[in-house]
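Sequence order for the protein chains is A, B and C. Residue 4 is where the first sequence starts when you use the numbering used here, and the numbers rise one by one after that. Residue 4 is where the second sequence starts when you use the numbering used here, and the numbers rise one by one after that. Residue 4 is where the third sequence starts when you use the numbering used here, and the numbers rise one by one after that. Glycine is no exception: its CB is placed at the ideal position from the N, C-alpha and C atoms. Being a predicted model, the structure only gives us computed values, none of them experimental.
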Amino acid sequence: MDILFYWTDQAGVAVFAIAGTLLAFRKHMDGFGVIILASTTAIGGGTVRDLILGLPVFWTHDPTYIYTILVAAVLTIVWLRYKAYIPMTTLQIADAVGLAFFATMGAEKALSAGFSPFIAVIMGTISACFGGMIRDVLARDVPMVLKSELYATTCIVGAMVYTLLVPYYPIIALAAGMLSTLIIRLGAIRYQWSLPVFPDHHDHH
Amino acid sequence: MDILFYWTDQAGVAVFAIAGTLLAFRKHMDGFGVIILASTTAIGGGTVRDLILGLPVFWTHDPTYIYTILVAAVLTIVWLRYKAYIPMTTLQIADAVGLAFFATMGAEKALSAGFSPFIAVIMGTISACFGGMIRDVLARDVPMVLKSELYATTCIVGAMVYTLLVPYYPIIALAAGMLSTLIIRLGAIRYQWSLPVFPDHHDHH
Amino acid sequence: MDILFYWTDQAGVAVFAIAGTLLAFRKHMDGFGVIILASTTAIGGGTVRDLILGLPVFWTHDPTYIYTILVAAVLTIVWLRYKAYIPMTTLQIADAVGLAFFATMGAEKALSAGFSPFIAVIMGTISACFGGMIRDVLARDVPMVLKSELYATTCIVGAMVYTLLVPYYPIIALAAGMLSTLIIRLGAIRYQWSLPVFPDHHDHH
Chain A
4 MDILFYWTDQ AGVAVFAIAG TLLAFRKHMD GFGVIILAST TAIGGGTVRD LILGLPVFWT
64 HDPTYIYTIL VAAVLTIVWL RYKAYIPMTT LQIADAVGLA FFATMGAEKA LSAGFSPFIA
124 VIMGTISACF GGMIRDVLAR DVPMVLKSEL YATTCIVGAM VYTLLVPYYP IIALAAGMLS
184 TLIIRLGAIR YQWSLPVFPD HHDHH
Chain B
4 MDILFYWTDQ AGVAVFAIAG TLLAFRKHMD GFGVIILAST TAIGGGTVRD LILGLPVFWT
64 HDPTYIYTIL VAAVLTIVWL RYKAYIPMTT LQIADAVGLA FFATMGAEKA LSAGFSPFIA
124 VIMGTISACF GGMIRDVLAR DVPMVLKSEL YATTCIVGAM VYTLLVPYYP IIALAAGMLS
184 TLIIRLGAIR YQWSLPVFPD HHDHH
Chain C
4 MDILFYWTDQ AGVAVFAIAG TLLAFRKHMD GFGVIILAST TAIGGGTVRD LILGLPVFWT
64 HDPTYIYTIL VAAVLTIVWL RYKAYIPMTT LQIADAVGLA FFATMGAEKA LSAGFSPFIA
124 VIMGTISACF GGMIRDVLAR DVPMVLKSEL YATTCIVGAM VYTLLVPYYP IIALAAGMLS
184 TLIIRLGAIR YQWSLPVFPD HHDHH
């Protein structure tokens with residue numbers, strides 16, 4: 004199980020590094036700013052999670068995560084050199100896959116450190132949402148988590164599904180947690196699903 | 004005393020959750036983005052304080068704080084459904100009450116962990132200012148702490164009053180620290196008090 | 004050696020406090036907002052570094068750092084009262100000197116805590132870049148690290164030079180690490196050096 008978790012985590016880091024590089028490309032960044040944005044996206048959420056849980060920050064004792072980011076960012080840069088234009092949805096899909104990985108693995112990390120299922124769901128959400136939140140703040144975009152309906156909701160659902168199932172069927176829990184996040188998020192992008200909280204109000208501000 | 008501190012802390016979290024929800028309403032947010040903004044405002048400052056002091060993050064071992072946020076945010080959402088318009092001052096007043104709670108409780112937490120009075124004043128200020136600072140950065144507003152004169156000053160004064168009085172009269176210290184923060188902040192909003200640092204300079208930039 | 008490191012660290016804090024105050028002046032801030040921006044710039048990077056490394060945050064046990072910030076900020080404010088205009092390059096030069104101090108001292112702190120040279124280079128970069136990054140986000144500027152070519156690169160080079168040389172010649176390592184950061188950064192500002200990552204693409208976004 005541990006080896007599966009480890010490579011799931013690495014895959015999540017790679018996917019978020021790709022999403023960060025795509026945003027850097029859209030924002031016409033250059034130099035190592037691209038790598039900084041890719042890294043912040045990829046390890047920002049997990050770093051905040053480990054700090055809050057009081058655990059050693061995951062990448063400080065295993066440089067493989069940094070190598071993963073560098074390889075993913077460099078391959079994305081090479082690929083982008085042959086593209087004139089990247090649609091926003093490519094970035095959103097990379098981001099959605101990253102959410103699926105981190106919502107489940109963030110919950111897992113909290114559970115395996117002995118925290119309650121309730122805190123595990125919150126930490127899954129923080130792991131998944133904070134990397135992209137820091138990325139968007141740095142790149143001066145409105146954070147997706149605040150403007151996209153169902154963005155945070157998908158992470159909460161994925162982390163909940165994982166947390167509920169993992170005591171009984173760990174591998175199914177991982178698959179179900181990731182799939183539920185991915186399906187809801189892609190559905191929300193494709194079909195503009197939303198979750199209205201406030202009534203329409205266009206007349207002020 | 005501990006039980007008084009505990010409920011003061013919960014009240015501060017509730018008030019800041021209300022302030023976060025009000026800003027989400029003004030910014031036309033929807034879905035769980037509202038809850039994310041409410042939570043970040045409510046526990047952001049205390050989380051940064053606990054991380055810097057090297058203490059366990061307060062809400063990870065007591066889910067009551069998260070329940071408080073959810074209840075405060077949901078009640079605010081219900082109330083907002085019947086309002087067409089929320090004046091900026093409602094948000095500023097909720098924020099001012101939150102500052103009063105957190106400036107004193109942040110100083111208390113540092114003192115009770117054995118840090119010096121000087122560090123206690125700084126931690127009171129960080130507890131009070133950082134939640135709102137993160138909220139404003141996420142919502143892409145100019146942080147109140149940077150644009151409003153006397154914003155940080157009120158937290159520093161409140162934390163100082165508390166820190167000076169608490170060895171002698173703990174309950175009076177709490178009341179005096181909170182009242183001094185609240186009065187200065189509301190006065191600054193109402194009467195546009197300011198603390199000029201730089202001479203006028205309109206001719207450049 | 005320790006005493007040299009200590010004062011190098013204090014000097015770095017002072018220089019970044021000056022850079023933060025200069026930005027506050029350019030942004031027409033007032034009141035304690037100036038001090039908040041100066042402090043965030045000066046100790047933000049080192050605070051993030053200490054949190055990630057799991058060390059006690061450096062300024063919580065030694066108030067001298069805060070006194071250094073206050074003195075540097077107040078002297079800068081007094082000096083600015085006699086100036087009508089501050090060119091952007093003054094801020095960039097103060098920032099460059101700060102980078103030189105923090106890139107080397109950040110690497111040193113990681114090495115002396117027993118982390119690998121690879122992590123030391125990353126922590127030097129984080130120490131140097133994050134204070135200014137938080138400053139720019141709060142002041143709603145595009146972070147220099149993302150828009151200026153070679154900004155992050157200079158920190159990486161300085162931290163690498165220091166990390167490679169310090170086992171053999173500690174004092175030369177400190178001088179060489181700082182000088183290499185400073186020379187590359189000032190050269191990048193003066194001669195517009197850049198490190199293109201993406202081909203030109205003006206036709207979209």
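Three-state secondary structure (DSSP) of A:Pro90: Judged by DSSP in its simplified three-state form, A:Pro90 adopts coil rather than helix or strand.
- prompt: Per the contact definition of three or more C-beta pairs closer than 8 Å, is the region 78 to 90 of chain A in contact with the region 15 to 30 of chain A?
  reply: yes
- request: Please name the residue in B:Leu167, B:Arg143 and B:Val124 whose C-alpha comes closest to that of C:Ile69.
  value: B:Val124
field: Cβ neighbour criterion (16 or more within 10 Å) applied to A:Pro146
entry: buried
task: Name, please, each residue of chain A whose Cβ falls closer than 8 Å to the Cβ of B:Leu40.
output: Leu149
task: May I ask you to list, following chain order, the residues of the region 172 to 194 of chain A that have a beta carbon less than 7 Å from some beta carbon of chain B?
output: none
message: Restricting to Cα atoms, I'd like to know which of A:Thr50, A:Val16, A:Thr24 and A:Ala14 is closest to A:Trp82.
response: Answer by Cα proximity: A:Thr24.
- prompt: Is DSSP giving B:Arg29 helix, strand or coil here?
  reply: helix
message: Quick check on A:Ala178: does DSSP put it in helix, strand or coil?
response: DSSP places A:Ala178 in helix when its eight states are reduced to three.
task: Starting from C:Val145, find everything on chain A with Cβ-Cβ shorter than 7 Å and list it in chain order.
output: Arg143
query: Any idea what DSSP makes of C:Asp144, helix, strand or coil?
result: coil
query: What three-state label does DSSP hand B:Leu149 in the structure shown?
result: helix
field: Boundaries of the alpha helix (DSSP H) in which A:Leu40 is found, first to last residue
entry: Looking at the DSSP string, the run of the alpha helix (DSSP H) that includes A:Leu40 is Gly36 to Leu56.
Residue span of the alpha helix (DSSP H) that contains A:Gly161, given as start and end: It spans Tyr154 to Leu168 - the alpha helix (DSSP H) in which A:Gly161 sits, taken as one unbroken run.
Distance CB(B:Ser130)-CB(B:Gly48) smaller than 8 Å: yes
- prompt: In its own chain, which residues sit with a C-beta less than 6 Å from the C-beta of C:Ile159, not counting the 5 before and 5 after it?
  reply: If you ignore the 5 residues before and after C:Ile159, its C-beta comes within less than 6 Å of the C-beta of Thr128, all in its own chain and listed in chain order.
message: Tell me which residues share the same chain as A:Gly134 and place their Cβ nearer than 6 Å to its Cβ, disregarding the 5 neighbours each side in the sequence.
response: Phe19, Thr44, Gly47 and Gly48
- request: Could you tell me whether the region 52 to 59 of chain C touches the region 167 to 174 of chain B, using the rule of 3 or more Cβ pairs below 8 Å?
  value: Here the region 52 to 59 of chain C makes no contact with the region 167 to 174 of chain B; the two share fewer than three CB pairs at distances below 8 Å.
- prompt: Using a Cβ-Cβ distance under 8 Å, would B:Thr107 count as near chain A?
  reply: no
- prompt: For the alpha helix (DSSP H) that contains B:Trp82, what are its first and last residues?
  reply: Thr67 to Leu83
- prompt: Which residues of chain B have a Cβ atom closer than 8 Å to the Cβ of A:Ala155, listed in chain order?
  reply: Gly34, Phe35, Gly36, Ile38 and Ile39
message: So, under 8 Å CB-CB, A:Thr184 and A:Ala103 are touching, yes? Tell me the CB distance rounded to an integer number of Å.
response: 4 Å
task: With DSSP collapsed to three states, give me the class of A:Ser216.
output: This structure cannot speak to residue 216 of chain A, because chain A is shown only from 4 to 208.
message: Can you give me the C-alpha to C-alpha distance between A:Val33 and A:Glu111, rounded to a whole angstrom?
response: It should be noted that the sequence gives Asp, not Val, for residue 33 of chain A. Using only the alpha carbons, I get a separation of about 36 Å.
- request: For B:Val60, return the contacting residues in chain A, with the cut-off set at a CB-CB distance below 9 Å.
  value: Leu54, Ile55, Leu56 and Gly57
query: Mapping DSSP to helix, strand and coil, what is C:Pro59?
result: coil
- prompt: Run through DSSP, which three-state label would A:Gln195 get?
  reply: coil
query: Going along the region 161 to 172 of chain A in order, which residues come within less than 8 Å of chain C, judged by CB to CB distance?
result: none
query: Can you list, in chain order, the residues of the region 115 to 138 of chain B whose Cβ is nearer than 9 Å to any Cβ on chain C?
result: Phe118, Ser119, Phe121, Ile122, Ile125, Met126, Thr128, Cys132 and Met136
- request: Using the Cα positions of B:Gly161 and B:Leu78, report the straight-line distance between them to the nearest angstrom.
  value: 29 Å
- prompt: Just checking my contact of A:Ile41 with A:Ile72 at CB under 8 Å: how many whole Å lie between their CB atoms?
  reply: Position check: residue 41 of chain A holds Ala in this sequence, whereas Ile was assumed. Confirmed, Cβ separation roughly 6 Å.
message: Short of 7 Å in beta carbon distance, which residues of its chain neighbour C:Val211, apart from the five on each side in sequence? Order them along the chain.
response: Chain C is shown from 4 up to 208; residue 211 of chain C falls before or after that span and cannot be answered.
- prompt: Between the Cα of A:Gly117 and the Cα atoms of B:Leu167, B:Phe8 and B:Thr63, which residue gives the shortest distance?
  reply: B:Thr63
- prompt: Around the Cβ of A:Gln195, are there at least 16 other Cβ atoms within 10 angstroms (buried) or fewer (exposed)?
  reply: exposed
query: Do C:Leu149 and A:Ala142 have their C-beta atoms closer together than 8 Å?
result: yes
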